[in-house]
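In full-length UniProt numbering, the protein residues as written are 1 to 258. Idealized CB from N, CA, C, for every residue including glycine. Below is one structure, written out as structure tokens; the observations come after it.
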């Protein structure tokens with residue numbers, strides 16, 4: 001069913017129109033009329049319902065673990081509140097929901113669930129990784145074949161999908177428990193490496209110091225500098241496990257010498 005609701009008069013205030021479109025308690029904007037000149041209340045309500053339903057569905061699909069934790073009915077009702085406070089800032093609906101972590105901190109129904117914002121951050125990061133640009137990963141042998149001096153001087157380029165998420169709560173453990181039937185989460189901070197292998201976003205735990213190492217690489221530091229920063233933070237930094245995560249996540253795309 002096509003519903004033509006383009007304002008037929010310049011008297012419609014566009015700010016009022018956008019506000020009313022997301023708030024069912026708001027009346028039809030002045031100047032929005034049917035072809036016969038009567039107020040377009042029925043048609044506007046249909047349009048408004050379609051818009052809010054689409055946005056709430058986008059949020060539901062974008063945060064599957066939040067939905068699992070809160071229940072779909074509760075989440076959709078919460079989504080209606082969210083979308084009125086945070087309407088889309090872009091036509092790229094796949095990025096919608098970026099303010100969800102901050103929203104959950106203050107929403108009355110979730111304010112006591114301190115781990116939820118971190119779960120939302122993880123789901124957003126996985127979504128960003130899915131939509132990031134494509135780069136081919138190196139063969140791990142290209143890195144392990146370097147001499148010690150060359151390795152220390154090397155700069156590693158990481159894929160556009162790569163980021164590090166450091167959170168106070170076990171967001172990845174909660175995600176794995178709900179999505180993959182993993183073990184019950186233990187409340188503890190996590191450093192999480194986000195990347196993408198093929199079309200599949202990947203989240204992996206980093207050992208202590210791993211976040212410092214990867215973040216240094218992302219900022220353009222040499223391998224040796226990144227390693228020094230990590231070992232300054234954590235004397236027994238596990239480089240092998242960290243590199244294993246980078247290789248498994250197809251995170252390294254280029255090695256530059258010197």
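Residue 242 sits close to residue 206, with the two beta carbons spaced by under 9 Å. Taken through DSSP and simplified to helix, strand or coil, residue 162 comes out as coil.
Here residue 78 has 70, 107, 109 and 110 as same chain residues with Cβ atoms under 8 Å from its own Cβ, once five neighbours each way along the sequence are excluded. Rounded to whole angstroms, residue 192 and residue 116 show a C-alpha spacing of 16 Å.
Secondary structure at residue 144: helix, using DSSP grouped into helix, strand and coil.
A Cβ-Cβ distance of about 13 Å is found for the pair residue 213 and residue 152, leaving them out of contact under the 8 Å criterion.
For the options 150, 190, 163 and 104, the alpha carbon positioned closest to that of residue 132 is the one of 163.
Of all C-beta pairs linking the region 48-67 to the region 80-95, three or more are shorter than 8 Å, placing the two stretches in contact. DSSP places residue 90 outside both helix and strand once states are collapsed to three, so it counts as coil. A distance below 7 Å between beta-carbons, with the five flanking residues on each side excluded, links residue 158 to the following residues of its chain, in chain order: 217, 218, 251, 252 and 253. A direct Cα-to-Cα measurement between residue 238 and residue 126 gives close to 24 Å. Taking C-alpha positions only, residue 226 is separated from residue 73 by approximately 46 Å. Within the same chain, Cβ atoms closer than 6 Å to the Cβ of residue 167 are found at 118 and 190, the five residues on either side in sequence being excluded. Counting the other CB atoms within 10 Å of its CB gives residue 195 a total of 16 or more, which places it among the buried residues. Runs of the alpha helix (DSSP H) lying entirely within the region 98-130, each at least 4 residues long, are 100-106 in chain order.
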